[in-house]
Amino acid sequence: MQRRAQAKAAELGISFAEYVRRVIADDLGEPRQKVGVSMLFGLIDEGPPTDIARDKDRMIGEAVWQNYLRKTGRKPRRRVGRTTRVR
Numbered sequence: 097m098q099r100r101a102q103a104k105a106a107e108l109g110i111s112f113a114e115y116v117r118r119v120i121a122d123d124l125g126e127p128r129q130k131v132g133v134s135m136l137f138g139l140i141d142e143g144p145p146t147d148i149a150r151d152k153d154r155m156i157g158e159a160v161w162q163n164y165l166r167k168t169g170r171k172p173r174r175r176v177g178r179t180t181r182v183r
């Protein structure tokens, strides 16, 4: 049974201990907090307004790039010129 549980944990990409914690929490019926999507609205009230539906790809790309720079310790390259964006 332990080997099967260890294989399941590996399949899920988590440690055996984390797998055991999750199984126990599910068995005990540990209440999980459910957060409504309305909690996300109004979190940021500074900076220019954004249109996430239109700009999500650019925003995600910028966030991933910043995370990469932070993890690698690199400095962002300076842009030589600004390109004009067509809207």
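All letters in the sequence shown, in the order written, are residues 97 to 183 by this note's numbering.
Don't be surprised by glycine CBs; every beta carbon is placed ideally from N, CA and C.
- Taken atom to atom, the span from the alpha-carbon of Ala-105 to that of Leu-124 is near 19 Å.
- Leaving aside the five residues that flank Met-155 on each side, the residues in its chain whose CB is nearer than 8 Å to its CB run, in chain order, Thr-146, Ile-148.
- In the three-state reduction of the DSSP assignment, Glu-142 falls in the coil class, being assigned neither a helical nor a strand state.
- Distance from the CA of Leu-108 to the CA of Gly-143, rounded to the nearest whole angstrom, comes to 39 Å.
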